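A.B. asks:
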Amino acid sequence: MSGDHPLLVAQGISKHFGGVAALDDVSLEVRPGEVHCIAGENGSGKSTLIKIISGVVTPDAGVIEVGCETYRHLTPRQAIGAGIEVIFQDFSLFPNLTVAENIAVSSLIAHGRRTVRPPELRRIARAVIERIGVDLDLDARVEDLSVADRQLTAICRALAQDARIIFMDEPTTALTWREVRALFQIVASLRESGVALVFVSHKIEEVLRISQRITVLRNGKVVVSGEAAEFDRPALIRAMTGRMLSERRPSDTNWREMPPILEVQGLGLGGYFEGVTFDVRPGEVLGVTGLLGSGRTEIAEALFGVRPADTGTVRVNGQPVVVNSVRDAVRAGFGYVPADRLSEGLFLDQSIARNVIAGSLDLLVGRLNLLRQSVADRVAQTTLTDLRVKMSSSRAPVRSLSGGNQQRVVLAKWLARSPRILILNSPTVGVDVGSKHEILEMLRAKSREGMGIIVISDDVPELLEVCHRVLVVRRGRIVAELTGDGLTEKTILDELAA
Amino acid sequence: MSTVPSAARRLRISRLRGSNNEGVLVVAIAVLATVVGLVSPSFWSVATLLNVGTNSLENAVFAMAVLIVMVSGGIDVSFMAIGIFAGYSVIVLGNATGIAADSAWLGFMIAIAIGLALGLLNAFAIAVLRLPTLIATLGTQTIIRGVMLAFIGRKVIPDYPPGLESLSTTYLFTDYAAIATRLNVMIVPSIVICIVVSLMLRYTLVGRGIFAIGGDAESARRAGFPVTRLRVLIYLMAGALAATAGMMHVTQVRLANPYELVGGELDVIAAVVLGGASIFGGKGSVSGTVLGVVLIALINYSLILLGVPGAWQRAAVGALLLIGVSAQALSAAGRHRRGTIVQAEEAAA
Numbered sequence: 000m001s002g003d004h005p006l007l008v009a010q011g012i013s014k015h016f017g018g019v020a021a022l023d024d025v026s027l028e029v030r031p032g033e034v035h036c037i038a039g040e041n042g043s044g045k046s047t048l049i050k051i052i053s054g055v056v057t058p059d060a061g062v063i064e065v066g067c068e069t070y071r072h073l074t075p076r077q078a079i080g081a082g083i084e085v086i087f088q089d090f091s092l093f094p095n096l097t098v099a100e101n102i103a104v105s106s107l108i109a110h111g112r113r114t115v116r117p118p119e120l121r122r123i124a125r126a127v128i129e130r131i132g133v134d135l136d137l138d139a140r141v142e143d144l145s146v147a148d149r150q151l152t153a154i155c156r157a158l159a160q161d162a163r164i165i166f167m168d169e170p171t172t173a174l175t176w177r178e179v180r181a182l183f184q185i186v187a188s189l190r191e192s193g194v195a196l197v198f199v200s201h202k203i204e205e206v207l208r209i210s211q212r213i214t215v216l217r218n219g220k221v222v223v224s225g226e227a228a229e230f231d232r233p234a235l236i237r238a239m240t241g242r243m244l245s246e247r248r249p250s251d252t253n254w255r256e257m258p259p260i261l262e263v264q265g266l267g268l269g270g271y272f273e274g275v276t277f278d279v280r281p282g283e284v285l286g287v288t289g290l291l292g293s294g295r296t297e298i299a300e301a302l303f304g305v306r307p308a309d310t311g312t313v314r315v316n317g318q319p320v321v322v323n324s325v326r327d328a329v330r331a332g333f334g335y336v337p338a339d340r341l342s343e344g345l346f347l348d349q350s351i352a353r354n355v356i357a358g359s360l361d362l363l364v365g366r367l368n369l370l371r372q373s374v375a376d377r378v379a380q381t382t383l384t385d386l387r388v389k390m391s392s393s394r395a396p397v398r399s400l401s402g403g404n405q406q407r408v409v410l411a412k413w414l415a416r417s418p419r420i421l422i423l424n425s426p427t428v429g430v431d432v433g434s435k436h437e438i439l440e441m442l443r444a445k446s447r448e449g450m451g452i453i454v455i456s457d458d459v460p461e462l463l464e465v466c467h468r469v470l471v472v473r474r475g476r477i478v479a480e481l482t483g484d485g486l487t488e489k490t491i492l493d494e495l496a497a
Numbered sequence: 000m001s002t003v004p005s006a007a008r009r010l011r012i013s014r015l016r017g018s019n020n021e022g023v024l025v026v027a028i029a030v031l032a033t034v035v036g037l038v039s040p041s042f043w044s045v046a047t048l049l050n051v052g053t054n055s056l057e058n059a060v061f062a063m064a065v066l067i068v069m070v071s072g073g074i075d076v077s078f079m080a081i082g083i084f085a086g087y088s089v090i091v092l093g094n095a096t097g098i099a100a101d102s103a104w105l106g107f108m109i110a111i112a113i114g115l116a117l118g119l120l121n122a123f124a125i126a127v128l129r130l131p132t133l134i135a136t137l138g139t140q141t142i143i144r145g146v147m148l149a150f151i152g153r154k155v156i157p158d159y160p161p162g163l164e165s166l167s168t169t170y171l172f173t174d175y176a177a178i179a180t181r182l183n184v185m186i187v188p189s190i191v192i193c194i195v196v197s198l199m200l201r202y203t204l205v206g207r208g209i210f211a212i213g214g215d216a217e218s219a220r221r222a223g224f225p226v227t228r229l230r231v232l233i234y235l236m237a238g239a240l241a242a243t244a245g246m247m248h249v250t251q252v253r254l255a256n257p258y259e260l261v262g263g264e265l266d267v268i269a270a271v272v273l274g275g276a277s278i279f280g281g282k283g284s285v286s287g288t289v290l291g292v293v294l295i296a297l298i299n300y301s302l303i304l305l306g307v308p309g310a311w312q313r314a315a316v317g318a319l320l321l322i323g324v325s326a327q328a329l330s331a332a333g334r335h336r337r338g339t340i341v342q343a344e345e346a347a348a
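In the order they appear, the protein sequences are chains A and B.
First residue of the first sequence? That's 0 in numbering that gives the first Met the number 0, and the numbers climb one at a time after it.
First residue of the second sequence? That's 0 in numbering that gives the first Met the number 0, and the numbers climb one at a time after it.
(1) Which residues in the same chain have their Cβ closer than 7 angstroms to the Cβ of glycine 82/B, if we skip the five residues on either side of it in sequence?
(2) Name the chain A residues that come within less than 9 angstroms of serine 286/B, Cβ to Cβ?
(3) With 8 angstroms as the C-beta to C-beta threshold (strictly closer), list the residues of the region 213-232 of chain B near chain A in chain order.
(4) Can you give me the C-alpha to C-alpha distance between arginine 474/A and alanine 21/A, rounded to a whole angstrom?
(5) Of all the options Val45/B, Gly323/B, Ala124/B, which has the alpha carbon lying nearest to the alpha carbon of phenylalanine 172/B?
(6) Considering glutamate 68/A, what are the terminal residues of the beta strand (DSSP E) in which it resides?
(7) Look at glycine 72/B and glycine 280/B and say whether their C-beta atoms are less than 7 angstroms apart.
(8) What's the gap between the Cα of glutamine 380/A and the Cα of alanine 352/A?
(9) What does DSSP give as the partner residues of tyrosine 170/B in its beta bridges?
(10) DSSP state of valine 30/B, grouped into three classes?
(11) For isoleucine 194/B, does the count of other Cβ atoms within 10 angstroms reach 16, so buried, or fall short, so exposed?
(12) Using a 10 Å radius around the Cβ and a threshold of 16 neighbouring Cβ atoms, would you call threonine 384/A buried or exposed?
(13) Quick one: using the 10 Å Cβ neighbour count with 16 as the cut-off for buried, is glutamine 349/A buried or exposed?
(14) Measure the alpha-carbon distance for leucine 297/B versus aspartate 266/B and round it to whole angstroms.
(15) Spatial neighbours of valine 25/B within its chain, please: CB distance less than 8 angstroms, with the 5 preceding and 5 following residues excluded, ordered by chain position.
(16) Using a Cβ-Cβ cut-off of less than 7 angstroms, give me the residues of the region 190-213 of chain B that come near chain A, in sequence order.
(17) Tell me, please, whether the CB atom of proline 94/A is closer than 7 angstroms to any CB atom in chain B?
(18) So is isoleucine 51/A in contact with chain B if we call contact Cβ pairs under 7 angstroms?
(19) Suppose the cutoff is 8 angstroms on Cβ atoms and the five residues either side in sequence are ignored; what does the same chain contact list for alanine 67/B look like?
(20) Is it right to say isoleucine 318/B is buried, meaning 16 or more other beta carbons lie within 10 angstroms of its own, or is it exposed?
(21) My understanding is that leucine 195/A touches proline 31/A, with C-beta atoms under 8 angstroms, so please give their C-beta distance in whole angstroms.
(22) Decide if lysine 435/A is buried, meaning its Cβ has at least 16 other Cβ atoms within 10 Å, or exposed.
(23) Look up serine 102/B in the DSSP assignment and say whether it is helix, strand or coil.
(24) Could you tell me the distance, in whole angstroms, from the CA atom of leucine 266/A to the CA atom of proline 319/A?
(25) Give the list of continuous alpha helix (DSSP H) stretches no shorter than 4 residues that lie fully inside the region 223-286 of chain B.
(26) Where does lysine 498/A land, buried or exposed, given buried means 16+ other C-beta within 10 angstroms?
(27) Would the region 36-48 of chain A and the region 63-82 of chain A be scored as touching if the rule is three or more Cβ pairs under 8 angstroms?
(28) Going along the region 275-301 of chain B in order, which residues come within less than 7 angstroms of chain A, judged by CB to CB distance?
(29) What do you get for serine 301/B, buried or exposed, if any count of 16 or more other CB atoms within 10 angstroms of its CB means buried?
(30) Is there at least one Cβ from chain B nearer than 7 angstroms to threonine 114/A's Cβ?
(31) Are arginine 181/B and alanine 80/B closer than 7 angstroms when you measure CB to CB?
(32) Taking DSSP as the reference, what is the three-state secondary structure of histidine 201/A?
(33) Using the beta-carbon of each residue, which ones in chain B are nearer than 7 angstroms to alanine 109/A?
(34) For arginine 113/A versus leucine 204/B, is the C-beta spacing smaller than 7 angstroms?
(35) With burial defined as no fewer than 16 other Cβ atoms inside 10 Å of the residue's Cβ, what is the status of threonine 136/B: buried or exposed?
(36) Going by alpha carbons, who is nearest to arginine 314/A out of Gly193/A, Arg156/A, Gly11/A, Arg419/A?
Here it is as structure tokens:
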């Protein structure tokens with residue numbers, strides 16, 4: 000395969016939805032064996048571009064050259080025939096079928112087959128798995144796999160179809176950093192075999208780490224496109240957001256002298272974690288990190304009464320509290336923002352205002368336990384304004400908001416209660432750079448107002464940006480407390496991996 | 000840690016249980032047979048086998064229709080209406096025109112044609128209009144039954160065209176020890192149909208497509224399955240199977256009663272669910288389904304044998320349906336928990 004001739008050239012692509020330009024004269028070139036990142040915030044047009052190149056959406060203008068053909072618009076079948084495969088965020092796998100069948104079935108369909116022989120499925124699947132040297136159980140059902148293995152299955156399926164360009168939409172969102180590292184190794188081996196990969200991402204670190212070339216989209220236009228070596232972190236952030244964002248560590252240290260809001264002593268839950276001892280002082284943001292399965296989430300869930308701890312004591316403002324249920328935790332002043340904001344945190348079809356007050360109804364009722372609507376409206380409005388949620392009206396359903404704004408509504412719901420201690424699990428997963436910055440800024444502001452904040456995360460830059468102190472959890476125990484100069488990317492990663 | 004041996008044990012147990020609860024059903028059938036046999040020794044007779052076989056041969060074919068739809072993620076409650084519509088219409092038509100006078104084959108072919116036409120009605124509502132399957136088939140069930148009672152007839156017909164009459168008295172086995180206990184030869188096509196459906200589901204791209212749609216319809220579309228065409232095919236197949244089963248029923252009872260079958264959907268749906276088919280789609284097997292049909296036939300027969308009033312039979316079937324669904328929910332929860340632990344162990348390793 001010649002190294003210079005591009006595999007795919009998209010030129011002057013434009014697409015309007017209603018009166019809004021989703022894409023405006025966008026061009027993109029993908030060469031063999033390269034990793035090309037399309038970076039941009041939510042709503043910048045990344046997804047629309049992928050959909051056009053995979054043939055799902057027809058562009059208003061522009062041409063796509065792939066192989067030797069030039070298309071005004073591709074059909075999905077033509078795109079697949081030309082070796083373009085898209086791995087969507089949900090992977091589009093069949094949870095009820097085996098890994099082998101998931102990998103092989105599309106190529107059987109493409110060859111117009113009518114019958115299926117299990118040994119043949121396994122042969123096709125094994126060939127692909129051996130080609131990229133991964134370890135997957137061919138007979139496992141996809142629903143029993145980890146997220147990382149599902150992603151591998153999706154990659155293998157693309158390769159089974161002789162993919163020459165693989166588009167991956169936000170491939171690392173649901174992975175732990177260890178799994179991300181494994182993914183990057185596979186990506187490197189794919190490159191060597193001449194396959195081009197196009198990553199769509201808004202995570203600065205991985206964009207810089209993995210790609211040879213970067214194209215940045217903002218508001219449907221290409222802002223800049225070039226060799227990855229020409230970019231550094233601030234330049235990329237500026238290109239994506241169009242503004243300068245400071246990424247300074249919090250330095251206010253007066254919290255050290257204050258009495259703790261939360262004291263946790265010897266907390267344990269059989270099989271998950273034990274001997275967990277720490278405190279949180281007003282005005283402090285405490286980080287808790289660890290690998291998936293280390294117990295970091297279970298500690299938070301125990302504090303919030305989802306899975307109550309068996310041993311240990313918890314004190315809030317010096318008073319011992321017993322947390323055996325979520326209700327106990329809420330009464331003691333805890334708030335919890337779960338990791339899966341879409342399924343656990345929101346009523347998607349209800350209005351924004353109703354979602355905001357949903358967690359504090361007991362504070363908003365008057366006589367006869369009836370809701371005091373005017374107070375509720377005021378609380379909702381104040382909190383939403385505080386968080387700068389972009390919305391047409393607080394009566395619109397939450398579903399109509401973008402991911403980042405939905406995240407803020409979840410936060411608003413907890414802030415409406417004014418909790419004494421707010422626990423956030425991976426607060427900025429799936430949130431673009433700009434919104435992420437604002438959310439972290441807001442957490443810092445709340446901590447300055449005296450709220451105790453615990454951030455559970457495995458996103459190291461996020462921890463560094465917002466936390467005064469970071470606890471590292473490994474195999475259910477706190478193995479390190481990092482603070483001040485000891486709190487760096489390197490120390491966190493060393494402790495995680497040790 | 001003790002997790003390793005227990006994981007191995009879990010694996011062995013799950014293998015015994017079968018991917019669709021087949022093992023559990025075999026055990027349940029054995030336990031039931033033992034208990035009923037102890038209470039009522041007359042259970043141990045050829046008559047029991049023939050009775051259960053007679054009851055199962057048509058329900059197994061109905062169950063194939065329900066299974067195909069359920070694996071694709073839908074639920075069909077119109078199959079009994081299609082069955083009796085087809086069966087009753089063939090008898091009326093045969094008597095009026097003499098068309099299926101000498102050939103039972105032709106009677107069945109006409110029934111299947113009617114089943115395909117009615118299946119097309121379901122297919123249109125579900126694949127084209129995209130209505131939820133339960134509501135769509137509730138609607139078609141009522142329409143089909145209403146049309147039959149209004150236009151085809153309301154009378155119970157004891158006279159059959161000669162071809163069907165002779166099929167209805169062609170027995171594979173007769174137990175002379177018990178009065179009127181025989182097994183109709185139609186058990187043979189019933190078994191053949193089950194085998195064919197099983198092969199179709201397992202070894203054809205259409206069958207795998209049905210599983211794929213049940214797993215995730217949008218993914219099936221992206222993988223290149225012709226989802227709409229498959230859905231149409233699913234309801235056509237279900238219609239044809241239901242009509243065949245209805246024809247078998249009408250032939251066996253030798254009394255064409257348009258008020259029969261509709262209302263008895265639960266027996267078949269419960270059998271399919273007990274047989275491991277997921278009400279959320281994507282899971283199910285013919286072997287499990289057939290065992291479920293046999294279990295329900297056995298329970299109904301045992302309750303009669305023990306002199307339990309008919310109302311209790313209905314209660315028993317309802318309870319079995321709940322047990323089947325609960326078993327699915329519990330095993331899904333168990334798998335989720337195991338997944339978490341395995342991940343935790345991997346991360347700790």
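Ideal Cβ positions, reconstructed from N, Cα and C, are used throughout, including at glycine.
Because the structure is a prediction, the values reported are computed rather than measured.
C.D. replies: Looking at the coordinates:
(1) Phe61, Ala241, Ala242, Ala244, Gly245, His248, Leu260
(2) None at all; the shortest Cβ gap to chain A is about 16 angstroms.
(3) Gly213, Gly214, Asp215, Glu217, Ser218, Ala219, Arg221, Ala222, Gly223, Phe224
(4) 46 angstroms
(5) Val45/B
(6) 68-70
(7) yes
(8) 7 angstroms
(9) Asn183/B
(10) helix
(11) exposed
(12) exposed
(13) exposed
(14) 12 angstroms
(15) Leu290
(16) Tyr202, Thr203, Leu204, Arg207, Phe210, Ala211, Gly213
(17) yes
(18) no
(19) Reading the sequence as shown, one finds isoleucine at residue 67/B and not alanine. Only Val196, Leu200, Ile209, Ile233, Met236, Ala237, Leu240 meet the Cβ criterion.
(20) In the sequence under discussion, the amino acid at residue 318/B is alanine, which differs from the isoleucine named in the question. Exposed: under 16 other Cβ atoms inside 10 Å.
(21) In the sequence on display, residue 195/A carries alanine and not leucine. Their Cβ separation, rounded to whole angstroms, is 6 angstroms, which keeps alanine 195/A and proline 31/A in contact under 8 angstroms.
(22) buried
(23) coil
(24) 13 angstroms
(25) 226-252, 264-273
(26) No information on residue 498/A is available, as it lies outside the stretch 0 to 497 that chain A covers here.
(27) no
(28) Gly281, Lys282
(29) buried
(30) yes
(31) no
(32) coil
(33) Gly223
(34) yes
(35) buried
(36) Arg419/A
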